[in-house]
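Before any comments, here is the structure.
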Amino acid sequence: MRAAQNRTFRNIGTEILSTILHQIVEHKRREVAEAQRRVSADELLARLPTAPAVRGFADALADAEPPGLIAEVKKASPSAGLIRENFAPVEIARTYEAAGAACLSVLTDQKYFQGHLDYLTAIRSAVGIPVMRKEFIIDRYQILEARVA
């Protein structure tokens, strides 16, 4: 009986997770479509030659004093809610860099994490370490956005 209950709870959890992921993907599809209406992929591609230089994420981790730390800049999460009310992403990023982080992960999802692509742009300009976009990536367009941000 207990094994049957465990399987049932696991299945319910999987179904709920599947539903949540489906909702996230559907939301991202709408969000990406709206972003593409504002700025086309061709416009983003045209910005590539003047985009900031790539900073080697893997190299920064390999060269870091062990452990190579990826610090996360995040305002909120679905599970924890608001993490930091007076959220100053650039200040947080600079603090992480000064404390020895090898790289930064910047949440850009607005709906679920209260992030923004502008945080990535501002942080990249303010620090010297590699910065990556942490997002629900469903389309090449989002990668282009991050690259030219």
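If you read the sequence shown in my numbering, its first letter stands for residue 17, the second for the next number, and so on.
Glycine included, C-beta positions come from ideal geometry on N, C-alpha and C.
Once you ignore the five residues that flank Val164 on each side, which residues in its own chain have a CB closer than 7 Å to its CB?
Cβ contact annotation for Val164 (same chain, cutoff 7 Å, sequence separation greater than five): Leu60, Arg63, Leu64 and Ala67, in chain order.
Thinking just about the alpha-carbon of each residue, which of Arg46, Ser95 and Asp134 is nearest to the one in Val106?
Val106 has its Cα closest to that of Asp134, out of Arg46, Ser95 and Asp134.
Does the beta-carbon distance from Ala109 to Leu120 come in below 8 Å?
For Ala109 and Leu120, yes; Cβs fall inside 8 Å.
Under 8 Å between the Cβ atoms of Ile86 and Ala118?
Yes, the pair counts as a contact, with Cβ atoms nearer than the cut-off.
Beta carbon of Glu88 nearer than 8 Å to that of Lys150
The Cβ-Cβ distance between Glu88 and Lys150 falls below 8 Å.
Measure the Cβ-Cβ separation of Ala76 and Ile145 and say whether it is below 8 Å.
For Ala76 and Ile145, yes; Cβs fall inside 8 Å.
Only counting the same chain, and skipping five residues up and downstream in sequence, which positions put a Cβ closer than 7 Å to that of Lys127?
Answer for Lys127: His43, listed in chain order.
Spatial neighbours of Arg71 in its chain, beta-carbon cut-off 6 Å, leaving aside the 5 residues before and after
Within the same chain, Arg71 has close Cβ partners Pro146.
Does Ser149 come out as helix, strand or coil in the three-state DSSP assignment?
Looking at the sequence provided, one finds Arg at residue 149 rather than Ser. Reduced to three states, the DSSP call for Arg149 is strand.
Could you check whether the Cβ of Ala78 sits closer than 8 Å to any Cβ belonging to chain D?
Within the model displayed, chain D is absent; a lone protein chain is all it includes.
Ordered along the chain, which non-local residues of its own chain (more than five positions away) have a Cβ less than 8 Å from that of Tyr157?
Closer than 8 Å at Cβ, skipping near neighbours: Val48, Ala51, Gln52, Ala57 and Leu60.
Can you give me the Cβ contacts of Tyr112 inside the same chain, cut-off strictly under 7 Å, excluding the 5 residues immediately before and after it?
Cβ contact annotation for Tyr112 (same chain, cutoff 7 Å, sequence separation greater than five): Ala87 and Leu120, in chain order.
Candidates Glu31, Arg54 and Arg46: which alpha carbon is nearest Ile153's?
Closest by alpha carbon: Arg46.
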